[in-house]
Amino acid sequence: MSWRARVEGEEHRAAPELRADGWWVWLLSPSERPGFVPGPAAGEWVRELPLAGCEVLVHLRRVGTWRGADCAVVDERGTELLLQHLGTGAPARALGFEQVERGVHRRWVPADEVRGVREEQTLAAG
Numbered sequence: 041m042s043w044r045a046r047v048e049g050e051e052h053r054a055a056p057e058l059r060a061d062g063w064w065v066w067l068l069s070p071s072e073r074p075g076f077v078p079g080p081a082a083g084e085w086v087r088e089l090p091l092a093g094c095e096v097l098v099h100l101r102r103v104g105t106w107r108g109a110d111c112a113v114v115d116e117r118g119t120e121l122l123l124q125h126l127g128t129g130a131p132a133r134a135l136g137f138e139q140v141e142r143g144v145h146r147r148w149v150p151a152d153e154v155r156g157v158r159e160e161q162t163l164a165a166g
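Quick note, our numbering runs 40 ahead of the 1-based positions in the sequence shown.
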């Protein structure tokens, strides 16, 4: 799962943050750009601005279907995908998903068993 923001006509990786004074967005860049400062990681540049400064903020996630169940792809390792069941607890448990916290069920499965993997975009602001 990731975020993207468009600011001044350019798309950036982004990280939204709720503060006492409202939503702010961290823009991330792998190279130096006007208005960006060095980030915490080497070779990373950041710029923070209020959400209102973004033309668009979009949440991205990969989704697919495994054994008839809609799932989000959370991680991958080798030939496996870590899926998060997008339904309720009983159907998730019936498919062998483990509850990792209340309402969140995950399971590693062979990647070649997951059908229709695609990127889903949800408009958060804009």
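Where a beta carbon is used, it is the ideal one built from N, C-alpha and C, also for glycine.
Is it the case that the Cβ atoms of R149 and W106 are separated by a distance below 9 Å? Checking the displayed sequence, the identity of residue 149 turns out to be Val instead of Arg. Yes; because the gap between Cβ atoms is below 9 Å, this pair is in contact.
Cα separation between E88 and W66? If I take the Cα positions, the gap works out to 4 Å.
Cβ neighbours of R73 in the same chain (closer than 8 Å, five flanking residues each side left out): W85 and R87
Excluding sequence positions up to five away, which residues of its chain have a Cβ less than 8 Å from the Cβ of V144? So the qualifying residues of the chain are Q124.
Could you check if A54 is buried or exposed, using at least 16 other CB atoms within 10 Å of its CB as the buried criterion? That one is buried.
Under the rule that 16 or more other beta-carbon atoms within 10 Å means buried, what is R133, buried or exposed? exposed
Could you pull out every residue in the same chain whose Cβ sits closer than 7 Å to the Cβ of R146, ignoring the five residues on either side in sequence? V114, L122, L123, Q124, F137, E138 and V140
Tell me, to the nearest whole angstrom, how far the beta carbon of C94 is from that of A165; I am working on the premise that it is less than 8 Å. 6 Å
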